[in-house]
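Each remark here refers to the structure printed beneath this line.
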Amino acid sequence: MTRTKREDTPAPDFEKSLQELEQLVARLERGDLPLAESLALFEQGVALTRTCHGALAQAQQKVSVLLQPGGQAAAVPFDAAEPGDE
Numbered sequence: 007m008t009r010t011k012r013e014d015t016p017a018p019d020f021e022k023s024l025q026e027l028e029q030l031v032a033r034l035e036r037g038d039l040p041l042a043e044s045l046a047l048f049e050q051g052v053a054l055t056r057t058c059h060g061a062l063a064q065a066q067q068k069v070s071v072l073l074q075p076g077g078q079a080a081a082v083p084f085d086a087a088e089p090g091d092e
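Numbering (my numbering) for the sequence shown: 7 to 92.
What follows is the structure, encoded as structure tokens:
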């Protein structure tokens, strides 16, 4: 089965948002920005954090592993699929 374009779209958005967030944090950590600019960057960072969190929550809902207990396929949460893999 091939992936559709719709399934591939969220990953780059998440990666781009995360990269932008990391850049904002680095700028804020330098501590050399005026207060107004720092607040504006902080606001952008909050928005990017929400975007990333939403993308992660959506991905977590989609992640499942097919198992075949008793010959029937069943979807189970990813973290419950491999009890020995921690």
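Cβ atoms here follow ideal geometry from the backbone N, Cα and C, with glycine treated the same way.
Spatial distance of residue i from residue j (CA atoms)
i          : j          : result
residue 40 : residue 22 : 26 Å
residue 44 : residue 28 : 14 Å
residue 37 : residue 66 : 35 Å
residue 68 : residue 42 : 40 Å
residue 49 : residue 26 : 13 Å
For residue j and residue i, believed in contact at Cβ under 8 Å, the rounded distance
i          : j          : result
residue 47 : residue 34 : 6 Å
residue 31 : residue 51 : 7 Å
Under 9 Å between C-beta atoms of residue i and residue j
i          : j          : result
residue 57 : residue 19 : yes
Secondary structure of residue i, DSSP reduced to three states
i          : result
residue 51 : helix
residue 19 : helix
residue 39 : coil
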